[in-house]
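Colleague: Please read through the structure below; I'll follow up with questions.
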Amino acid sequence: MSNRYVVVCLLWWTVLCAHTMGQSMEAPVAVRELIQRADASANVEYCGAVSTRKVEYYLFLLQQKALAGIVLVRQRAGAPPAIVDADTSLFPFREDSERSVEKSVQDAIEVLLRRRNLAKKSRALERTSRLYPEVSAVGREIDRVIYPISGFRLGSNSTHEIWRLLRSGPTVAVDPRTAPPGSIIVSPTQSSPYGPIYLGHAGIVGFDGSIYSADARYGGVRAKNFSLTSWLRQFSAANGSYAFVLHAASDKNIQGH
Amino acid sequence: MKIRALRNLRIFILTISQFLVGCDDQESADPGVSSGTSEPAQSDLAQARQIAGEAGAGAIVPKSSGRDASPQGNGDLGVLGGDANQNQQAFRQRFGLADPTPDQLAQWEEDDARLTAYSNKDADWPYPTAASSNWMGATSANGDPLAVEGTTVAVDFNRIPRGSLIYIPALDMYAEANDTGATGMWANDDAGQMDYGANGAGRVDVYNLAGDRSSGQVEQNFQSQVGSAEYGQIYIVHRGPGWKNGGA
Chain A
-16 MSNRYVVVCL LWWTVLCAHT MGQSMEAPVA VRELIQRADA SANVEYCGAV STRKVEYYLF
44 LLQQKALAGI VLVRQRAGAP PAIVDADTSL FPFREDSERS VEKSVQDAIE VLLRRRNLAK
104 KSRALERTSR LYPEVSAVGR EIDRVIYPIS GFRLGSNSTH EIWRLLRSGP TVAVDPRTAP
164 PGSIIVSPTQ SSPYGPIYLG HAGIVGFDGS IYSADARYGG VRAKNFSLTS WLRQFSAANG
224 SYAFVLHAAS DKNIQGH
Chain H
21 MKIRALRNLR IFILTISQFL VGCDDQESAD PGVSSGTSEP AQSDLAQARQ IAGEAGAGAI
81 VPKSSGRDAS PQGNGDLGVL GGDANQNQQA FRQRFGLADP TPDQLAQWEE DDARLTAYSN
141 KDADWPYPTA ASSNWMGATS ANGDPLAVEG TTVAVDFNRI PRGSLIYIPA LDMYAEANDT
201 GATGMWANDD AGQMDYGANG AGRVDVYNLA GDRSSGQVEQ NFQSQVGSAE YGQIYIVHRG
261 PGWKNGGA
């Protein structure tokens, strides 16, 4: 019954957003080639298109072993397609001029993702809401650990947003090469308009030099899936690696979300 | 007088500001890795330890506990040739190598690799290879890391330095990277594959003594054993030959 309700709601939402959501079954060759070229080693899933009067947007999901992310491609008439944004999550949408998209497009992207996740009914989604619009749970899995202990939470699955929150939050930046157990390590996704895309990631440093992070191979749940050494080798050159220790909880540090 | 005082004040401000700017520079020997300059308080570290404990408490721990859940071999290297098991055993004994613990795997460098087989029946095997002077007629079970079945692999020396000690989880096998074979030739064909990416070790050819088998049978047997269409993982236990002197 509740499933039927959700589907009906989504259909209505789709109708309401009909002026921005396209029905194309697959992306144009140039767009697909751009994605393949941008991250040759990732599994690519086409998630749908959003059309406006002058611009077409194409949404892709990438999975590369433990990593999962989203890529938004924009194609203006007569121009080659270009990557607008790529990260583990597009939420919150960026405000800077080059990577920003209009609100109606943002809403349509959210609908596409919810619809995709509803169809997938992945293990991660069953643990939360069926209408969860995320494809990566990097922030959520960190929050599950740190919030009950420290009172601080990230509230985002975007590596860029996580990095920003950690830099501006109640933290101490530490050298990731010697990050103590319990540090949060983040390597923000890097991309440029015509590629490449280097998906980023975030996790928690464990006791034995291991790192625990959301793992796309297990539906986004937390896994012991990196060592500090392998993390730095994989991410430091292209993404950069940053580590932070949370200040011990006190009233002034608690961030409400 | 006023002008001189003003000039002195400017010099003072300039000096101070340069000093402050200099203090902001965080030198990092490793590009892409931020060097933190702050020290967490003891209370922060205590909380961090609590976080580390909780992070591990509810987490999935893949079998290999490394970067990837690599399939783990059963320790039987018979597929590599008649004496492969005893050669591996002698190799381990000689260099004090034991089955790796999860902690060791977590510390070692893990790479994507194209796991393939080569054998003494390969018609197209280029001579001389780096180790051919060793393995031609020298396949005695002496534990030496020569090109003997059960201990030898051929790698791209541009990616894995010659003499490195590697561990192949799919075979539960340690090996010295002491042959290069055709890996250089394959590098062009394989470019763009994930095992030739930034985290790739490239092609890792495992030496087989074919015995009565043909070259093709050796390859089939090997792929059945590692259980993959060539893609796999290896760990580089030690880069270069230093491990023989206790570096492993």
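In the order they appear, the protein sequences are chains A and H. With the first letter of the first sequence counted as 1, position 61 gets the number 44 in this note's numbering; the numbers rise by one all the way through. Basically this note's numbering = 1-based index in the second sequence + 20. Virtual Cβ for every residue (Gly too), placed ideally from N, Cα, C. In this text the structure is predicted, and so the values were computed from the model without any measurement.
1) Excluding the five sequence neighbours on either side, which residues of its own chain have a C-beta within less than 6 Å of the C-beta of A:R59, listed in chain order?
2) Across which residues does DSSP place H:T172 in a beta bridge pair?
3) Under 8 Å: do the segment 8 to 18 of chain A and the segment 87 to 106 of chain A share three or more Cβ pairs, one atom per stretch?
4) Report the rounded CA-to-CA distance for A:P131 versus H:T136, giving the unit in angstroms.
5) Using a Cβ cut-off of 8 Å, pull out every chain A residue sitting near H:S54, in sequence order please.
6) Can you round the beta-carbon distance between H:V53 and A:R160 to whole angstroms, since I take them to be within the 8 Å contact cut?
7) Determine contact between the segment 142 to 161 of chain A and the segment 80 to 97 of chain A, defined as no fewer than three beta-carbon pairs at a distance below 8 Å.
8) What distance in whole Å lies between the Cβ atoms of H:A75 and A:I53, which are believed to be in contact at a cut-off of 8 Å?
9) Between A:T71 and chain H, is there a C-beta pair that is closer than 8 Å?
10) Does any residue of chain H bring its CB to less than 8 Å from the CB of A:V128?
11) Could you work out which residues of chain H lie near A:K86, taking near to mean beta carbons separated by less than 9 Å?
12) Can you confirm whether A:V204, when its beta carbon is compared against all beta carbons of chain H, has any partner nearer than 8 Å?
13) Where does H:G157 fall in DSSP's three states?
14) H:V173 and H:A197: beta carbons closer than 8 Å?
15) With a threshold of 8 Å between beta-carbons, can A:L45 be considered close to chain H, or not?
16) With distances taken Cα to Cα, identify the nearest neighbour of A:L275 among A:F76, A:G183 and A:Y29.
17) By the 7 Å beta-carbon criterion, what residues does the segment 160 to 191 of chain A contribute toward chain H?
18) Within the 8 Å Cβ cut-off, does H:E129 reach chain A?
19) Apart from the five residues just before and just after A:E117, which ones in its own chain have a Cβ nearer than 6 Å to its Cβ?
20) For H:S184, go through chain A and note every residue whose CB falls closer than 9 Å to its CB, in chain order.
21) If you check the beta carbons only, do H:E129 and H:Y227 fall under 8 Å apart?
22) Can you give me, in chain order, the residues of the segment 93 to 108 of chain H that have a beta carbon less than 9 Å from any beta carbon in chain A?
23) Say whether chain H places a C-beta atom closer than 8 Å to the C-beta of A:D90.
24) Could you have a look at A:Y201 and say whether DSSP puts it in helix, strand or coil?
25) Going residue by residue through the segment 59 to 83 of chain H, where are the continuous alpha helix (DSSP H) segments of at least 4 residues, counting only ones entirely within it?
26) Under three-state DSSP, which class holds A:H230?
27) My guess is that H:N105 and H:L97 are in contact by the Cβ rule of under 8 Å, so how many angstroms apart are they, rounded?
28) Rounded to whole angstroms, how far is the Cβ of A:A69 from the Cβ of A:I180, which I believe are closer than 8 Å?
29) If the criterion is Cβ atoms closer than 8 Å, does the pair H:L191 and H:Q245 meet it?
30) Using a C-beta cutoff of 8 Å, does H:A72 count as contacting chain A?
31) From the DSSP output, in three-state form, read off H:F242 for me.
32) Is A:F190 near H:A72, with beta carbons less than 8 Å apart?
33) So which residues of chain A does H:V243 contact, with C-beta pairs closer than 8 Å?
34) What is the DSSP secondary structure of A:D177, reduced to helix, strand or coil?
35) Please list the partners that H:L135 has in chain A, where partner means a Cβ-to-Cβ separation under 9 Å.
36) Please work out which residues of its chain come closer than 7 Å, Cβ to Cβ, to A:P153, disregarding the five sequence neighbours upstream and downstream, and give them in chain order.
Modeller: This is what the structure gives:
1) V38
2) H:E196
3) no
4) 48 Å
5) A156, D158, P159, G223, S224, Y225 and A226
6) 6 Å
7) no
8) Going by Cβ atoms, the distance from A:I53 to H:A75 rounds to 25 Å, so no, they are not a contact pair.
9) no
10) yes
11) By Cβ distance, chain H contributes nothing, its closest Cβ being about 34 Å from A:K86, past 9 Å.
12) yes
13) Any reading at H:G157 must be qualified, since the residue scores a pLDDT of 40, below 50, and its modelled position is unreliable; no value is offered.
14) yes
15) no
16) Residue 275 of chain A cannot be examined here, being either before or after the span of chain A that is shown, -16 to 240.
17) R160, P163, P164, G165, S166, I187, V188, G189, F190 and D191
18) yes
19) S72 and N140
20) Residues of chain A passing the Cβ test: none, with the nearest at roughly 15 Å.
21) no
22) none
23) no
24) helix
25) 62 to 77
26) coil
27) 5 Å
28) 5 Å
29) yes
30) yes
31) helix
32) yes
33) The amino acid occupying residue 243 of chain H in the given sequence is Gln; Val does not appear at that position. By Cβ distance, chain A contributes nothing, its closest Cβ being about 21 Å from H:Q243, past 8 Å.
34) Note that residue 177 of chain A corresponds to Tyr in the displayed sequence, not to Asp. Correct three-state label for A:Y177: coil.
35) Those within 9 Å of H:L135 in chain A number zero; the least Cβ separation is about 17 Å.
36) F135, L229, H230 and N236
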